[in-house]
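*Asks:* Read top to bottom, the protein sequences are chains A and B.
In terms of the numbering used here, the first sequence is residues 1116 to 1232.
In terms of the numbering used here, the second sequence is residues 226 to 318.
Backbone N, C-alpha and C define an ideal beta-carbon position, used for all residues, glycine too.
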Amino acid sequence: MSMNLHPLIEWLAAGLLLISAFFLLVGAIGLAKLPDFFMRLHAPTKAATLGVGGILLASMVLQAAQGRVGLMELLITLFVFVTAPVSANLMAQAALHLGVASQAPTPKDAIPEHRTP
Amino acid sequence: MTIGILTLALDISVGAVSLAMVLCLWRLVRGPQSIDRVLAVDTLYLNTVALVLLLGIRLDTHLLFEAALIVAMLGFAATVAMARYLSRGDVIE
């Protein structure tokens, strides 16, 4: 990093990086500590996605300060934000199909195969 | 020589993301069911993307951002394939 940045930009990027690292850590702690799968699904799919988005935002701020447009960062942000809910939904469907135990009461028609038309 | 605030923040972030990856690995090893392991691998992929991006900011290079995009795409494909395999029995019907 051989750039001469305005201190304000530097503080902004540093703050964004620290916030996103905190969210990534919170997501992983939730993944490790929460008691059942459906609770565990919530922690990484939302917090970790926000964390990656924050890091990309910090990178875009740094690129903009150097007079470049962070097109690659925008592409990665879009990709991560579009695919995270899709993969979470597929994993939840697989868990429902496998009959993974849940601590909350699950209604019978939550499982697609058991649904009556 | 003083360490810039940005370098310090990058170092702390790399430490936090590495700790997050260790926690994901713990869930990957322990996970009582196969779907827990799929979720752990998905989170591990996301943390890898974050780590590669932090390295890209640190080294000020654009090459690593493309690597991060490839890691993100492979991670999504892997998660979809594994979830489909668990729920349908095969990946492509």
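Could you name the residues of chain B that residue 1202 of chain A contacts, counting a contact when the two beta carbons are closer than 8 Å?
*Replies:* Working through the first sequence from its first residue, we reach residue 1202 of chain A at position 87. What residue 1202 of chain A touches in chain B: 267, 301, 304, 305 and 308.
*Asks:* Within 7 Å (strictly less), CB to CB, does residue 1197 of chain A reach chain B?
*Replies:* Counting from one through the first sequence, the residue named residue 1197 of chain A turns up at place 82. Not an interface residue.
*Asks:* Where does residue 1159 of chain A land, buried or exposed, given buried means 16+ other C-beta within 10 angstroms?
*Replies:* Counting from one through the first sequence, the residue named residue 1159 of chain A turns up at place 44. Buried, since its Cβ has 16 or more Cβ neighbours within 10 Å.
*Asks:* Is residue 1178 of chain A close to chain B? Criterion is C-beta to C-beta, closer than 7 Å.
*Replies:* Within the first sequence, the letter at position 63 stands for residue 1178 of chain A. Not closer than 7 Å to any Cβ of chain B, the Cβ of residue 1178 of chain A fails to qualify, so no.
*Asks:* Give the C-beta separation of residue 237 of chain B and residue 1136 of chain A to the nearest angstrom, bearing in mind that I take them to be a contact with Cβ-Cβ under 8 Å.
*Replies:* Within the second sequence, the letter at position 12 stands for residue 237 of chain B. Within the first sequence, the letter at position 21 stands for residue 1136 of chain A. With 8 Å as the limit, residue 237 of chain B and residue 1136 of chain A qualify as a contact, their Cβ atoms being about 7 Å apart.
*Asks:* Tell me which residues of the stretch 1143 to 1155 of chain A have at least one Cβ-Cβ distance to chain B shorter than 8 Å, keeping chain order.
*Replies:* The residues in question are 1143, 1144, 1146, 1147, 1152 and 1155.
*Asks:* Thinking C-beta only, is residue 1198 of chain A closer than 7 Å to residue 290 of chain B?
*Replies:* Reading the second sequence from its first residue, position 65 is the one you call residue 290 of chain B. Reading the first sequence from its first residue, position 83 is the one you call residue 1198 of chain A. Not a contact, by the Cβ cut-off of 7 Å.
*Asks:* Let's test the definition: count the other Cβ atoms within 10 Å of the Cβ of residue 304 of chain B and tell me whether it reaches 16, buried, or not, exposed.
*Replies:* Taking the first residue of the second sequence as position 1, residue 304 of chain B is located at position 79. Under this definition residue 304 of chain B is a buried residue.
*Asks:* Is the beta carbon of residue 265 of chain B less than 7 Å from the beta carbon of residue 242 of chain B?
*Replies:* Taking the first residue of the second sequence as 1, we reach residue 265 of chain B at position 40. Taking the first residue of the second sequence as 1, we reach residue 242 of chain B at position 17. For residue 265 of chain B and residue 242 of chain B, no; Cβs fall outside 7 Å.
*Asks:* Would you call the CB atoms of residue 1209 of chain A and residue 260 of chain B closer than 7 Å?
*Replies:* Position 94 of the first sequence, counted from the start, is the residue given in the question as residue 1209 of chain A. Position 35 of the second sequence, counted from the start, is the residue given in the question as residue 260 of chain B. Their beta carbons are under 7 Å apart, which means residue 1209 of chain A touches residue 260 of chain B by this criterion.
*Asks:* Residue 261 of chain B versus chain A: which residues are under 8 Å apart at the beta carbon?
*Replies:* Locating residue 261 of chain B in the second sequence gives position 36, where the first residue counts as 1. In chain order: 1152 and 1155.
*Asks:* Short check: CB of residue 1184 of chain A to CB of residue 271 of chain B, under 7 Å?
*Replies:* Taking the first sequence and counting its residues from 1, one reaches residue 1184 of chain A at position 69. Taking the second sequence and counting its residues from 1, one reaches residue 271 of chain B at position 46. Not in contact: residue 1184 of chain A and residue 271 of chain B (Cβ atoms no closer than 7 Å).
*Asks:* Answer yes or no: do residue 1162 of chain A and residue 1141 of chain A have a C-beta to C-beta separation smaller than 7 Å?
*Replies:* Taking the first residue of the first sequence as position 1, residue 1162 of chain A is located at position 47. Taking the first residue of the first sequence as position 1, residue 1141 of chain A is located at position 26. Going by C-beta atoms, residue 1162 of chain A is nearer than 7 Å to residue 1141 of chain A.
*Asks:* For residue 315 of chain B, count neighbouring Cβ atoms within 10 angstroms of its own Cβ and tell me buried if that reaches 16, exposed if not.
*Replies:* Sequence index remark: in the second sequence, residue 315 of chain B carries index 90 (1-based). Its Cβ having fewer than 16 others within 10 Å, residue 315 of chain B is exposed.
*Asks:* At 7 Å on the CB atoms, spell out the chain A contacts of residue 234 of chain B, in chain order.
*Replies:* What you label residue 234 of chain B is simply residue 9 of the second sequence in a count that begins at 1. Under the 7 Å cutoff, chain A gives 1129, 1132 and 1133.
*Asks:* Hey, residue 233 of chain B and residue 283 of chain B: beta-carbon distance below 7 Å or not?
*Replies:* The residue you call residue 233 of chain B lines up with position 8 of the second sequence. The residue you call residue 283 of chain B lines up with position 58 of the second sequence. Cβ distance not < 7 Å, so residue 233 of chain B and residue 283 of chain B don't count as in contact.
*Asks:* Run through chain B and tell me which residues come within less than 8 Å of residue 1167 of chain A, C-beta to C-beta.
*Replies:* Counting from 1 along the first sequence, the entry for residue 1167 of chain A is found at position 52. Ordered by position in chain B, the residues that pass the 8 Å Cβ test against residue 1167 of chain A are 271, 274, 275 and 278.
*Asks:* Out of A:1151, A:1200 and A:1134, state which residue places its alpha-carbon closest to the alpha-carbon of residue 1171 of chain A.
*Replies:* Here the question's residue 1171 of chain A lines up with position 56 in the first sequence. Ranking A:1151, A:1200 and A:1134 by Cα distance to residue 1171 of chain A puts A:1134 first.
*Asks:* Under the rule that 16 or more other beta-carbon atoms within 10 Å means buried, what is residue 1191 of chain A, buried or exposed?
*Replies:* As a first step, residue 1191 of chain A is located in the first sequence; it is residue number 76 there, counting from the start. The residue is buried, with at least 16 neighbouring Cβ atoms inside 10 Å.
*Asks:* Ignore the nearest five residues each way along the sequence and tell me which others in residue 1103 of chain A's own chain have a CB closer than 7 Å to its CB.
*Replies:* Outside the displayed range of chain A (1116 to 1232) lies residue 1103 of chain A, so it cannot be described from this structure.
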